[in-house]
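All remarks here apply to the structure that follows.
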Amino acid sequence: MAVAMTTFLTGSTTVIASFAGKDLHMTTAEITWMNAASGLSSGATLLFFGSIADILGRKPLFIISTLLFSIFSLAAGFAQNGITLDILSGILGICSAAAVPPAQGMLGTIYKSPSRRKNRVFGCYLAGNPLGYAAGSLFSGIATNVMSWRAAFPLLAIVYVVVTVVACFVLPDDGGMRRSVDMDMVKRLDLPGMGMAGLGIGMFCAALSLGSTAPEGWKTPFVLVLLVLGVLGMVAFVVWEIWSPYAVIDMGIWKDKNFSLLITIFVFGYTGFPILTFWLALYFQKVLGFSALETGVHMLPTVITGLLANAFAALFLHKLSNKLLMGLGAFAYFFSYLLAAVQRHRDSYWAFSFPALCLSVVGVNFHFNVANMYVISSMPSDRQSIAGSLLQTLSRLFTAIGYGIATAIFNGVEKNPAKEGYYAGNLFEPYAAPLWFGAAAAATGIMFVPWLRIGTQGHVDDEKNGDRDRKQGRGIEVLERKEKQIKVEELLALPRFSAFIVTGSWDDEKSRHIIRYREEEYITGY
5 MAVAMTTFLT
15 GSTTVIASFA
25 GKDLHMTTAE
35 ITWMNAASGL
45 SSGATLLFFG
55 SIADILGRKP
65 LFIISTLLFS
75 IFSLAAGFAQ
85 NGITLDILSG
95 ILGICSAAAV
105 PPAQGMLGTI
115 YKSPSRRKNR
125 VFGCYLAGNP
135 LGYAAGSLFS
145 GIATNVMSWR
155 AAFPLLAIVY
165 VVVTVVACFV
175 LPDDGGMRRS
185 VDMDMVKRLD
195 LPGMGMAGLG
205 IGMFCAALSL
215 GSTAPEGWKT
225 PFVLVLLVLG
235 VLGMVAFVVW
245 EIWSPYAVID
255 MGIWKDKNFS
265 LLITIFVFGY
275 TGFPILTFWL
285 ALYFQKVLGF
295 SALETGVHML
305 PTVITGLLAN
315 AFAALFLHKL
325 SNKLLMGLGA
335 FAYFFSYLLA
345 AVQRHRDSYW
355 AFSFPALCLS
365 VVGVNFHFNV
375 ANMYVISSMP
385 SDRQSIAGSL
395 LQTLSRLFTA
405 IGYGIATAIF
415 NGVEKNPAKE
425 GYYAGNLFEP
435 YAAPLWFGAA
445 AAATGIMFVP
455 WLRIGTQGHV
465 DDEKNGDRDR
475 KQGRGIEVLE
485 RKEKQIKVEE
495 LLALPRFSAF
505 IVTGSWDDEK
515 SRHIIRYREE
525 EYITGY
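My numbering puts the first residue of the sequence shown at 5, with every later residue one more than the last.
This is the structure:
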């Protein structure tokens, strides 16, 4: 339910977007920010909450986050204007950001070693994405049809009140480090870095969203100021993270070629996914006149196909080349956005929108599973919450950036429609334009796939090794290299220590397995 919080909210706001916009007299930019605000706020604070979870404890943070999510969901149902609704969506994004690191951190510390069991566990965890979207779109569609769009938010509040109560009783006491609040702890939270990231990306996206509708267009002074300050804020964040001794992101991890390529392919593909679902849903409602429930039903293929793709990825990560899965996912993204973009008003839903929605979630689930397993395997157990936050952070920040760019494109095409050519006089033209941007981004991601060097993940004998990790709750203590012993802390301190490849199966007699790092073999033992 942690990873489903954002998609539950996204599914809800997607199917009620036009109805809320009409009722509150919202502009296109304000409607877009219903979704973009939650993505931006959650992306800017995920790593911060990752640090909080690892320092102060995971269970308390999870419970507090779900409770606050319920309270602010209820408040959103009483919003009287678009700005208030956008602000509350941003606050809900922060609440959802607080739930993801403790949840993923708990799983990461329980299942330490790469294994088939770990693949399946995290596959089930990531299934919250399509399930949350399904529940949000369908339940909110029904609530909107029966009552009004406002009913979607109290419904969301009820769901997470129940989650909060259940979590109090069923979540185990976590193994997160607990310590008193002092200046050293505050420094480790990297508050300046989080502020730079949030403000920089926020101002950049705001400028993109407002540029085409501002009084003087892109020449409007406040748009130019926001754009320049946004770029400077993002550059300052990168410089700060490189320089700061308390950086929440260890910039050294980007020196790992496979890690950098994985993230690059992932973000270029994923950027278009929220654009696809949002603008198709808006087209269904504003042009085709679909009700909220009809919109939810037409978006349902993303859920069914998403669950199947997620299950396939979780079951075969240890058998199929993960480079192949990343490549298939990248092409699935590209053809998805392409199919959606080439359709025109009155074209068949089954010929264009349906296969586009199905292919898009194949890309999402293949990429999320591969990248997620690689990322959480790259960091030690006491940093698992931050590791789990990293991928979610990037996906949500690029969601906000994608929305900003797509909104600018949509507004520009809507103001100046084509007078001749393929889309001349066609009502789908402004909705197609953001999808072409998504297709271009996905095509860029495809170009990086040939340089990726990653095989299978989780191919250890998990029935022995995974159970041992889960029951004993402890990891590798001593490693031997040739005739010399090395402690795990020393290995972790080696430069560019990243996801290790475990070769061979577990040896019960000697209680050991082999880690291969930089062409050297280390024998591990408990």
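C-beta atoms are modelled at their ideal positions from N, C-alpha and C, and glycine is treated no differently. No experiment lies behind these values; they were computed from the predicted model shown.
Simplified DSSP assignment, three categories, for residue i
i, result
"K261", "helix"
"S22", "helix"
"E424", "coil"
"T31", "coil"
"H371", "helix"
"R350", "coil"
"I253", "coil"
"I205", "helix"
"T268", "helix"
"D90", "helix"
"Q108", "helix"
"S152", "coil"
"T36", "helix"
"E418", "helix"
"G429", "coil"
"S16", "helix"
"K323", "coil"
"N85", "coil"
"F402", "helix"
"F356", "coil"
"L142", "helix"
"G97", "helix"
"P219", "coil"
Cα-Cα separation between residue i and residue j, rounded to whole angstroms
i, j, result
"G368", "L342", "A quick correction: the sequence has Val, not Gly, at residue 368. Each residue's Cα considered, the two are about 16 angstroms apart."
"K259", "C128", "30 angstroms"
"E245", "Q347", "43 angstroms"
"L363", "Y164", "30 angstroms"
"R474", "P105", "Its pLDDT being 37, under 50, R474 is placed unreliably by the model, and the measurement read from it follows with that caveat. The straight-line gap from Cα to Cα measures roughly 19 angstroms."
"M200", "P249", "16 angstroms"
"P176", "N326", "33 angstroms"
"Y353", "L28", "30 angstroms"
"S357", "G429", "20 angstroms"
"A285", "V291", "10 angstroms"
"R472", "R121", "In this predicted model, R472 has a pLDDT of only 41, less than 50, meaning its place in the structure is not dependable enough to derive any value."
"I56", "A102", "9 angstroms"
"T10", "Y137", "8 angstroms"
"F282", "T18", "6 angstroms"
"L72", "S46", "14 angstroms"
"Y407", "S399", "12 angstroms"
"F441", "G331", "20 angstroms"
"Q1", "S264", "Given a span of 5 to 530 for the chain in the structure shown, any question on residue 1 remains unanswerable."
"F294", "G215", "30 angstroms"
"L159", "W37", "21 angstroms"
"T88", "L44", "16 angstroms"
"I269", "R457", "13 angstroms"
"W222", "L231", "10 angstroms"
"A8", "K423", "43 angstroms"
Range of the contiguous alpha helix (DSSP H) that encloses residue i
i, result
"R62", "R62 to A80"
"Q540", "Only positions 5 to 530 of the chain appear in this structure, which leaves residue 540 out of reach."
"S340", "N326 to V346"
"M238", "P225 to W247"
"L439", "E433 to I450"
"H302", "A296 to H302"
"F306", "Looking at the sequence provided, one finds Thr at residue 306 rather than Phe. Segment P305 to F320, the alpha helix (DSSP H) holding T306."
"V163", "A156 to V174"
Beta-carbon gap between residue i and residue j smaller than 8 angstroms
i, j, result
"F82", "I95", "no"
"G97", "E34", "no"
"S42", "S93", "yes"
"Y274", "F173", "no"
"A155", "T70", "no"
"G237", "G276", "no"
"A313", "V365", "yes"
"T460", "K323", "yes"
"L13", "S152", "no"
"L304", "A344", "no"
"A40", "A445", "no"
"T168", "S74", "yes"
For residue j and residue i, believed in contact at Cβ under 8 angstroms, the rounded distance
i, j, result
"G140", "G25", "Their Cβ separation, rounded to whole angstroms, is 18 angstroms, which puts G140 and G25 out of contact at 8 angstroms."
"L395", "A412", "Not really, about 26 angstroms apart at Cβ, beyond 8 angstroms."
"F338", "A443", "6 angstroms"
"T299", "G145", "6 angstroms"
"E433", "Y427", "4 angstroms"
"I253", "L51", "7 angstroms"
Chain C within 8 angstroms of residue i, Cβ atoms only
i, result
"M151", "Any reference to chain C falls outside this structure, which holds one protein chain only."
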